[in-house]
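In the working numbering, the protein residues as written are 404 to 784.
The beta-carbon is built from N, C-alpha and C at its ideal position, and this holds for glycine as well.
Spelled out as structure tokens, the structure:
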């Protein structure tokens, strides 16, 4: 009965997933994503490795639009990867950076996995989003620091064209409708004007208005193929969720979940060690299961234990959500690596090796979250 109730709660966010996928495609085709990339490039492109810095910034901006890691990888990778390789950036390292930077998608709000977690635990969506924004910015800064290190060490290219103040202002003015997108979406959620699901629909409407009427790069005739592509992508995601949820039902009713809970309780752990054990369990599950299914499977089992130990619901939520994202970058499933392989044409194994330095930085921030409740909650206290 518990699984049925949880599944019903999760299904209601299927429309949000579909709308965010559609919004991401409309933004890419309608010129929003390209202007975000151009604006990011004019800000940091003049330093050595500047386009890699722009890639991280663009992924952070796009994360606030789509909430999806694979969508972020594909959208930004399609616009930047080929040009970066042509300019002399190492292809494997660039693809690896794209994989990890795409992991900002579900951390910087709006985030589907955060909404589902809040549904399962009763946590505040706005509080989760507030903390997620802060942690996403920290991860982006860590990745940019790593880019600067490797750019100097490996002599990555430096952009020859220097943007004047006038050019930067013109690019910024052109990007205003694109930059307004996350403000409209997140502002509406934080103000209580609409729910997370409704925000996805608003994102679709605004992306259509910007693409058709403001930038005029999108025609109504082009919207039909976009709808078809979005439907296919959404169906694939929802099928994965459905299959994983069925697996979670079997997993629960076979007694494995309860056995795991009993084993954890028997260890008599303190809060810190419990969070570490949960993090390791989630990381292991994330290597072969879809993130939403992991939340459906384990959160209802683990959260009551965490609550009884006095662990903050937002702190626990950050552990759940970030560990799920790490799973998208970790073989064998590694949907982010698969997406980057599609964009770059490189083998998944080569990308997995090249991403490791950046993944280590991402995971380092994750373990700060695991061991520090204050880091995960100070903005909402």
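What number of angstroms, rounded off, separates the C-alpha of residue i from the C-alpha of residue j?
i, j, result
"residue 634", "residue 670", "46 Å"
"residue 477", "residue 606", "18 Å"
"residue 502", "residue 612", "30 Å"
"residue 462", "residue 783", "25 Å"
"residue 620", "residue 494", "30 Å"
"residue 438", "residue 703", "41 Å"
"residue 586", "residue 732", "28 Å"
"residue 754", "residue 714", "37 Å"
"residue 504", "residue 673", "33 Å"
"residue 700", "residue 636", "23 Å"
"residue 775", "residue 573", "43 Å"
"residue 777", "residue 679", "16 Å"
"residue 404", "residue 656", "Any reading at residue 404 must be qualified, since the residue scores a pLDDT of 46, below 50, and its modelled position is unreliable; the value itself is stated next. Spanning the two alpha carbons is a distance of roughly 11 Å."
"residue 762", "residue 659", "30 Å"
"residue 552", "residue 616", "42 Å"
"residue 815", "residue 695", "The structure shown does not extend to residue 815, since the chain is modelled only from 404 through 784, so no value can be given for it."
"residue 627", "residue 431", "15 Å"
"residue 687", "residue 749", "25 Å"
"residue 546", "residue 666", "37 Å"
"residue 466", "residue 779", "19 Å"
"residue 506", "residue 548", "16 Å"
"residue 436", "residue 614", "10 Å"
"residue 734", "residue 781", "33 Å"
"residue 638", "residue 622", "24 Å"
"residue 556", "residue 458", "19 Å"
"residue 790", "residue 590", "As displayed, the chain neither begins before 404 nor continues past 784, which places residue 790 out of reach and without an answer."
Can you tell me which residues form a DSSP beta bridge with residue i?
i, result
"residue 635", "Its beta-bridge partners do not exist; DSSP assigns none."
"residue 561", "451"
Beta-carbon within less than 6 Å of residue i's beta-carbon, same chain only, minus the 5 sequence neighbours each way: which residues are those?
i, result
"residue 769", "725"
"residue 550", "452, 455, 456"
"residue 487", "454, 497"
"residue 685", "726"
"residue 738", "473, 731"
"residue 736", "691"
"residue 464", "439"
"residue 564", "none"
"residue 756", "none"
"residue 539", "507, 510, 511"
Nearest by alpha-carbon distance to residue i: which of the options is it?
i, options, result
"residue 682", "653, 767, 466, 657", "767"
"residue 470", "584, 692, 668, 702", "584"
"residue 528", "472, 468, 656, 595", "595"
"residue 426", "481, 711, 489, 630", "630"
"residue 508", "774, 460, 550, 627", "460"
"residue 482", "758, 577, 747, 754", "747"
"residue 445", "571, 603, 637", "571"
"residue 447", "487, 577, 566, 658", "566"
"residue 668", "692, 709, 699, 701", "709"
"residue 752", "540, 496, 514, 464", "496"
"residue 542", "728, 691, 776", "728"
"residue 554", "760, 775, 772", "760"
"residue 579", "563, 434, 699", "434"
"residue 429", "662, 624, 689", "624"
"residue 480", "743, 563, 765, 592", "743"
"residue 588", "569, 609, 573, 700", "609"
"residue 853", "467, 499, 675, 486", "As displayed, the chain neither begins before 404 nor continues past 784, which places residue 853 out of reach and without an answer."
"residue 722", "771, 547, 737", "771"
"residue 544", "780, 764, 773", "764"
"residue 575", "617, 740, 781, 443", "443"
"residue 745", "468, 484, 466, 465", "484"
"residue 440", "666, 590, 632, 581", "581"
Which whole-angstrom value describes the C-beta separation of residue i and residue j, a residue pair presumed to lie in contact below a C-beta threshold of 8 Å?
i, j, result
"residue 520", "residue 537", "The pair is not a contact, with the Cβ atoms about 17 Å apart (cut-off 8 Å)."
"residue 424", "residue 472", "Their Cβ separation, rounded to whole angstroms, is 12 Å, which puts residue 424 and residue 472 out of contact at 8 Å."
"residue 422", "residue 698", "With a Cβ gap of about 20 Å, residue 422 and residue 698 do not count as contacting."
Is it the case that the CB of residue i approaches a heavy atom of the ligand ATP more closely than 6 Å?
i, result
"residue 728", "By its list of ligands, the structure shown contains no ligand whatsoever, and the ligand ATP lies outside what it can speak to."
Considering only residues of the same chain and omitting the five flanking positions on each side of residue i, which have a CB-CB separation below 7 Å?
i, result
"residue 491", "560"
"residue 526", "520, 716, 717, 720"
"residue 577", "438"
"residue 773", "678, 679, 682, 722"
"residue 418", "600"
Counting only the same chain and skipping the five closest in sequence on each side, list residues whose C-beta sits under 8 Å from that of residue i.
i, result
"residue 706", "523, 524, 716, 719"
"residue 592", "512, 513, 528, 529, 532, 598, 599, 602"
"residue 758", "498, 499, 500, 502, 503, 732, 740"
"residue 662", "none"
"residue 632", "428"
"residue 517", "509, 528, 531, 532, 535, 720, 724"
"residue 489", "none"
With 7 Å set as the bound, which would you pick, yes or no: does the beta-carbon of residue i sit closer than that to a beta-carbon of chain C?
i, result
"residue 683", "Among the chains in the structure shown there is no chain C, since it carries only a single protein chain."
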